[in-house]
Amino acid sequence: MDYPEILGWLRETDPHRLDRLWEQADRARRENVGDEVHLRGLIEVSNYCVRRCAYCGIGADNQAVQRYRMTDAEIMDCVRQAVGFGYGTVVLQAGEDYGLTRRGVADLVARIKADTPLAVTLSLGERQSADLAAWRRAGADRYLLRFETSRRDLYDRIHPSRDGRRSDRIAILRELRDLGYEVGSGVMIGIPGQTYEYLARDIQTFGELDLDMIGVGPYIPHPATPLGRGEASSPARSGEQVPATEAMTYKVLALARLVCPRANIPSTTALATLNLAGGRELGLCRGANVIMPSLTPAEYRPMYEIYPDKACIREDAEQCHGCLRARIHAIGRTVGAGRGDSPNRAARESVTSCVPSNP
Ligand code: SAM
3 MDYPEILGWL RETDPHRLDR LWEQADRARR ENVGDEVHLR GLIEVSNYCV RRCAYCGIGA
63 DNQAVQRYRM TDAEIMDCVR QAVGFGYGTV VLQAGEDYGL TRRGVADLVA RIKADTPLAV
123 TLSLGERQSA DLAAWRRAGA DRYLLRFETS RRDLYDRIHP SRDGRRSDRI AILRELRDLG
183 YEVGSGVMIG IPGQTYEYLA RDIQTFGELD LDMIGVGPYI PHPATPLGRG EASSPARSGE
243 QVPATEAMTY KVLALARLVC PRANIPSTTA LATLNLAGGR ELGLCRGANV IMPSLTPAEY
303 RPMYEIYPDK ACIREDAEQC HGCLRARIHA IGRTVGAGRG DSPNRAARES VTSCVPSNP
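Per our numbering: the sequence shown = residues 3 to 361.
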């Protein structure tokens, strides 16, 4: 799918034509990654963060947030719950927290890998190369880092430099690929100042990066952030601002599936936040094949409020597990068995291994 076609779909409003997009995306999903929905148990291990991302409710400047960092014992309890629920993966996510040390995270990953059959995904921010390399050596399988927008001026406005160093997530994504991780990224939809053209370019970038996992969700303003207060943004030209709506999120999900047919794509919590009754299911019917049930202990969930009224903030792991399985079965899909590794990575590696090393 080329840029003009992506842009055309992003601007499309005719419901009948959009039905064609949903059908194409659903077919591509079925043909490339099948009917299984893989469950990734999400553990939000810490809400400390050194970054000042202009959109995020747990950024360093938000003094109202009560900070927590889970102990290894607490994390291992959640990991055992993931095994008990039959999940194939745990995702350890946090703010960019240097209290999570290179050694500490490596030991934890090694322990999870030794004690369980689970795949381990990390989502710990823009860490140094040596950290990322150590965690990969310890056995981490995947890393998630959204680039949020491919438009450099918008990116710089919402990701202030730290220690005089300009943030560059695309460079980190390339490094993660070289280290052998399955690489996941994505964007928020409807960031103030994001135009249709920027978003079309973001979707093309998914393809250029050959992503193994793609996470997209609506931008939801948090009142205690610069962007939520109406600062740090430069308005898009009239009629060009992407709306942060449910409908736009489905379009981006569907287009992501068509651009990267073999990627693992979650139907996200932010989508469920916009439509608790059916957002996750519609996401699964319009390109997504992954759900990330929260395993974060109930007492920490309200402290990981990256945006207001986040879905499932008052549930516990047992409730999320039961609810999500029922939703998957209700739309005629099955819960995935095993780790749910990326078919995209497998395909890339089989192509690479066919290239003669000594032509
Ligand atoms: N620190 C890690 C990182 O930056 O990748 C992981 C945690 S971060 C909170 C995870 C994701 O939350 C971000 O990539 C961003 O897309 C999303 N997020 C943060 N604030 C948001 C908001 N106001 N609306 C929607 N999504 C948001």
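Even for Gly, the Cβ is constructed at its ideal location relative to N, Cα and C.
Distance, residue j Cα to residue i Cα
{"i": "W11", "j": "Y200", "result": "14 Å"}
{"i": "R82", "j": "A112", "result": "15 Å"}
{"i": "A258", "j": "I216", "result": "7 Å"}
{"i": "V107", "j": "G59", "result": "24 Å"}
{"i": "D109", "j": "Y89", "result": "21 Å"}
{"i": "A274", "j": "E98", "result": "25 Å"}
{"i": "N360", "j": "S352", "result": "Residue placement at N360 cannot be trusted, given a pLDDT of 46 that sits under 50; the coordinates are not used to answer."}
{"i": "R347", "j": "R144", "result": "11 Å"}
{"i": "Y198", "j": "R164", "result": "29 Å"}
{"i": "E76", "j": "H18", "result": "49 Å"}
{"i": "A142", "j": "L94", "result": "10 Å"}
{"i": "G219", "j": "A140", "result": "30 Å"}
{"i": "R148", "j": "S187", "result": "4 Å"}
{"i": "H331", "j": "C325", "result": "10 Å"}
{"i": "R15", "j": "D204", "result": "Residue identity check: residue 15 is Thr in the sequence provided, not Arg. Roughly 20 Å separates the two Cα atoms."}
{"i": "L134", "j": "G182", "result": "10 Å"}
{"i": "A339", "j": "G61", "result": "36 Å"}
{"i": "R341", "j": "V122", "result": "9 Å"}
{"i": "D63", "j": "P162", "result": "12 Å"}
{"i": "R71", "j": "M294", "result": "20 Å"}
{"i": "G166", "j": "V337", "result": "46 Å"}
{"i": "R231", "j": "Y221", "result": "14 Å"}
{"i": "P119", "j": "L213", "result": "24 Å"}
{"i": "I160", "j": "E233", "result": "10 Å"}
Option in the options with minimal Cα separation from residue i
{"i": "L320", "options": "G43, G230 and D21", "result": "One detail in the question is off: residue 320 reads as Glu in this sequence, not Leu. Comparing Cα positions, the closest option is G43."}
{"i": "K115", "options": "G97, R138 and T227", "result": "R138"}
{"i": "I193", "options": "L211, L229 and G217", "result": "L229"}
{"i": "A27", "options": "L284, D311 and A328", "result": "L284"}
{"i": "R69", "options": "C322, G101 and V93", "result": "G101"}
{"i": "E301", "options": "T151, R316 and N291", "result": "R316"}
{"i": "P6", "options": "R154, Q206 and R167", "result": "Q206"}
{"i": "M3", "options": "S296, R167, P263 and E351", "result": "P263"}
{"i": "L124", "options": "S169, L175 and R159", "result": "L175"}
{"i": "Q65", "options": "R54, T73 and N266", "result": "R54"}
{"i": "V185", "options": "I8, T15 and R350", "result": "R350"}
{"i": "K253", "options": "A238, S240 and S269", "result": "S269"}
{"i": "I333", "options": "C287, L297 and D343", "result": "C287"}
{"i": "L20", "options": "M250, G188 and A339", "result": "M250"}
{"i": "A290", "options": "R29, P119 and R13", "result": "R29"}
{"i": "A279", "options": "E307, R303 and A313", "result": "A313"}
{"i": "S235", "options": "S48, A56 and P304", "result": "A56"}
{"i": "Q243", "options": "Q196, G166, L211 and C325", "result": "Q196"}
{"i": "R335", "options": "L41, R148 and P345", "result": "L41"}
{"i": "C51", "options": "E307, C322 and D343", "result": "E307"}
{"i": "D155", "options": "G232, A238 and P295", "result": "A238"}
{"i": "N49", "options": "V292, R303, D343 and T103", "result": "R303"}
{"i": "A265", "options": "E210, I222, G232 and D311", "result": "E210"}
{"i": "V92", "options": "L260, M78 and L213", "result": "M78"}
Residue i, DSSP secondary structure in three states
{"i": "I191", "result": "strand"}
{"i": "Y145", "result": "strand"}
{"i": "R32", "result": "helix"}
{"i": "Q196", "result": "coil"}
{"i": "L363", "result": "The question about residue 363 has no answer, for the chain in this structure spans 3 to 361."}
{"i": "N49", "result": "coil"}
{"i": "V261", "result": "helix"}
{"i": "G10", "result": "helix"}
{"i": "R239", "result": "coil"}
{"i": "R2", "result": "An answer regarding residue 2 cannot be provided, because it is not within the stretch 3 to 361 covered by the chain."}
{"i": "V39", "result": "strand"}
{"i": "M250", "result": "helix"}
{"i": "E184", "result": "strand"}
{"i": "G217", "result": "coil"}
{"i": "P268", "result": "strand"}
{"i": "R179", "result": "helix"}
{"i": "L134", "result": "helix"}
{"i": "L255", "result": "helix"}
{"i": "L23", "result": "helix"}
{"i": "L273", "result": "helix"}
Near ligand 3: residue i beta-carbon under 7 Å from a heavy atom
{"i": "R42", "result": "Ligand 3 is not part of the structure shown, which contains ligand 1 as its ligands."}
query: Is the segment 124-133 close to the segment 66-85, with three or more CB pairs under 8 Å?
result: No: the two stretches stay apart, fewer than three of their Cβ pairs being nearer than 8 Å.
message: If we require 4 or more residues per run, which alpha helix (DSSP H) segments fall completely within the segment 276-343?
response: DSSP assignment within the segment 276-343 yields the following whole alpha helix (DSSP H) runs of 4 residues or more, N-terminal first: 281-287 and 319-332.
query: Which parts of the segment 69-129 are runs of the alpha helix (DSSP H), unbroken and 4 residues or longer, counting only runs that do not cross its ends?
result: The segment 69-129 contains these whole alpha helix (DSSP H) runs: 74-87 and 104-117.
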